[in-house]
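To start, the structure under review is shown below, and the notes come after it.
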Amino acid sequence: MKEKLSRRLAQNEEALKKIFQDSSDLVYRSVQFTESRKGLVVYIEGIIDTKGVEQHIISPLIEGLVKAEGPVERLSELPFTRISLTQMAAASDWPGVIEAILTAHVVIFMDDSNEALTFDVKGGSRRSVEEPSTETVIRGPREGFTESLRINTALLRFKIKTEKMRLKPLVVGKITKTDVAVAYIDGLAKKDLVDSVIDRLNQIDMDGILESGYIEEWIEDNPYSPFPQIQYSERPDTIAAQLLEGKVAIFVDGTPFVLVAPVTLWQLLQSSEDYYERYFITNFIRWIRLFFLLLALMLPGLYIAVTTYHQDMLPSSLILSIATAREAIPFPAIIEALIMEISFEALQEAGIRLPKTIGQAVSILGALVIGQAAVQAGIVSAPIVIVVSMTGIASFTLPRFNLATTVRLLRFLIMILAALFGLFGIVIGTVWILVHLTQLKSFGVPYLLGVSPYRPRDFKDIFVRVPMWKMSERPYSSSPDNIRRAGIRKLRGGGEENEGW
7 MKEKLSRRLA QNEEALKKIF QDSSDLVYRS VQFTESRKGL VVYIEGIIDT KGVEQHIISP
67 LIEGLVKAEG PVERLSELPF TRISLTQMAA ASDWPGVIEA ILTAHVVIFM DDSNEALTFD
127 VKGGSRRSVE EPSTETVIRG PREGFTESLR INTALLRFKI KTEKMRLKPL VVGKITKTDV
187 AVAYIDGLAK KDLVDSVIDR LNQIDMDGIL ESGYIEEWIE DNPYSPFPQI QYSERPDTIA
247 AQLLEGKVAI FVDGTPFVLV APVTLWQLLQ SSEDYYERYF ITNFIRWIRL FFLLLALMLP
307 GLYIAVTTYH QDMLPSSLIL SIATAREAIP FPAIIEALIM EISFEALQEA GIRLPKTIGQ
367 AVSILGALVI GQAAVQAGIV SAPIVIVVSM TGIASFTLPR FNLATTVRLL RFLIMILAAL
427 FGLFGIVIGT VWILVHLTQL KSFGVPYLLG VSPYRPRDFK DIFVRVPMWK MSERPYSSSP
487 DNIRRAGIRK LRGGGEENEG W
């Protein structure tokens with residue numbers, strides 16, 4: 007049962023101090039409403055706008071805003087009209103008051119009243135809007151999300167100016183009570199998809215949600231798959247583009263990374279800059295990404311298989327050169343490759359975790375000095391250094407970090423299979439990955455949608471991107487009631503361009 011507030015101001019203040027004992031950031035400000043009536047303003051310092059409280063609440067109250075004698079049943083009925091804050095609510099029980107204080111509200115108590123008023127005055131020091139550090143572009147917007155939920159939703163509103171955009175509020179986490187907003191465009195996103203996202207979020211049973219990654223693990227379809235089934239981004243233009251394709255975004259207070267669902271493998275291979283450059287430039291870059299994706303996954307395994315089992319596949323001059331380089335190496339190819347790959351992963355991790363200036367020096371010196379010293383000491387051969395370096399560069403061409411990490415993990419599986427069975431092992435690993443991808447789904451959407459199953463609408467934006475005016479229909483995963491998104495391009499010489507391929 008919810009305990010009601012007392013009519014005595016002193017008793018309410020004593021109860022508050024007992025609930026929030028040893029809380030040095032809780033501010034109690036006494037206010038004299040009239041000669042016979044006192045009030046109390048309570049808020050948490052640091053999460054509210056202190057200047058706004060002083061200007062819009064404290065000053066009007068001190069100036070004698072409330073003129074009423076005798077007992078007051080409902081504080082909200084008194085003339086608080088000089089308070090210029092718009093988001094005002096009333097609370098008559100302690101759970102409502104506690105939740106208001108913890109969610110950056112200012113609470114006003116008054117003597118002879120068993121009701122308190124709450125005002126939303128969120129503030130505090132938060133990071134300003136800056137260029138995203140994880141998704142840099144040459145051409146495109148330079149703004150990125152911050153840790154503030156309201157700033158992030160405002161950045162999205164600047165991009166999508168329609169009354170059909172919905173931002174459904176949720177609270178996730180039994181202790182942290184993290185604010186979450188589910189964003190979608192009504193009429194573009196399938197109702198079943200929106201209901202599924204909201205239902206999965208409501209089923210999260212956890213004490214705290216500190217980052218969107220917590221939510222990602224709770225709501226993904228297959229938690230045992232190494233492939234990411236939800237995309238995250240800190241770019242407002244990326245999120246806006248996904249919403250226009252009928253997808254759903256999940257904003258989490260306290261993190262700049264916004265989740266997007268559903269997702270396909272092809273979407274993870276695309277960058278927002280693919281749509282800002284002309285289509286033939288984009289297609290060239292996409293082919294490079296696809297080639298280096300295969301290279302990052304297969305190159306060390308191919309080196310191990312060929313040098314161990316299939317030497318006759320290489321030209322004589324090349325195999326002699328490799329044999330000469332490996333003549334003094336005491337380890338087999340698989341051990342040699344694992345030493346270099348693990349060392350490269352350690353250098354990469356060290357470069358990320360150390361301070362920026364030191365991290366760059368460690369990465370460069372580690373790659374040069376350790377690699378050269380290992381070759382001269384006869385621990386590894388020069389060809390494997392080249393292979394590992396090319397593999398590392400190839401993994402950096404992938405635009406999504408979570409997909410690049412998956413490729414790095416699967417690379418070790420391919421290497422082990424190649425050491426055991428040669429090229430047959432690589433075929434086995436490749437078939438296993440393809441079978442897994444064809445069975446994988448993201449919120450019911452096939453992971454290889456567009457290719458398996460084949461959908462002409464989605465195929466126009468996978469291996470190549472056709473011109474914008476050719477992509478007149480939204481992807482298959484969007485709502486079937488509103489699939490058209492572009493008209494027919496008027497040719498400069500007169501007439502109309504065909505909508506087909």
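This note's numbering applies: residue 7 is where the sequence shown begins, and numbers increase by one.
From the three backbone atoms N, C-alpha and C, an ideal C-beta is built for every residue, glycine too.
Asked                                                                                                                                                              : Found
How would you write the range of the alpha helix (DSSP H) that residue 514 sits in, first residue to last?                                                         : Only positions 7 to 507 of the chain appear in this structure, which leaves residue 514 out of reach.
Taking only three categories from DSSP, how would you classify residue 249?                                                                                        : helix
On the DSSP bridge assignment, give the partners of residue 315 in chain order.                                                                                    : Bridge partners of residue 315: none, in fact.
Which stretch, first to last residue, makes up the alpha helix (DSSP H) that contains residue 417?                                                                 : 407–427
By how many angstroms is the C-alpha of residue 126 removed from the C-alpha of residue 438?                                                                       : 54 Å
Hey, residue 218 and residue 265: beta-carbon distance below 9 Å or not?                                                                                           : yes
Once DSSP output is grouped into helix, strand and coil, what is the label at residue 3?                                                                           : The question about residue 3 has no answer here: the residues shown for the chain are numbered 7 through 507.
Determine the DSSP secondary structure at residue 35, reduced to helix, strand or coil.                                                                            : strand
Looking only at its own chain, which residues have a Cβ that is under 6 Å from the Cβ of residue 109, when we skip the five neighbours before and after it?        : none
Verify whether the separation of the beta carbon atoms of residue 302 and residue 417 is less than 9 Å.                                                            : yes
Let me check one thing: in DSSP terms, what residues is residue 327 bridge-paired to?                                                                              : Bridge partners of residue 327: none, in fact.
Assuming contact is defined by CB atoms lying nearer than 9 Å, are residue 296 and residue 237 in contact in what I supplied?                                      : no
What does DSSP give as the partner residues of residue 265 in its beta bridges?                                                                                    : 238 and 256
According to DSSP, residue 165 sits in a beta bridge with which residue or residues?                                                                               : According to DSSP, residue 165 bridges with nothing at all.
Which first and last residues belong to the beta strand (DSSP E) in which residue 186 is found?                                                                    : 184–191
Just the C-alpha distance for residue 467 and residue 430, rounded to the nearest angstrom, thanks.                                                                : 33 Å
Using a Cβ-Cβ cut-off of 7 Å (strictly less than) and excluding sequence neighbours within five positions of residue 155, which residues of its own chain qualify? : 185, 187, 257 and 259
In angstroms, rounded to a whole number, what distance separates the CA positions of residue 49 and residue 55?                                                    : 10 Å
Which residue's Cα is closest to the Cα of residue 397: 111, 44 and 309?                                                                                           : 309
Just confirm the distance between the C-beta atoms of residue 116 and residue 43, as a whole number of angstroms; I'd bet it's less than 8 Å.                      : 7 Å
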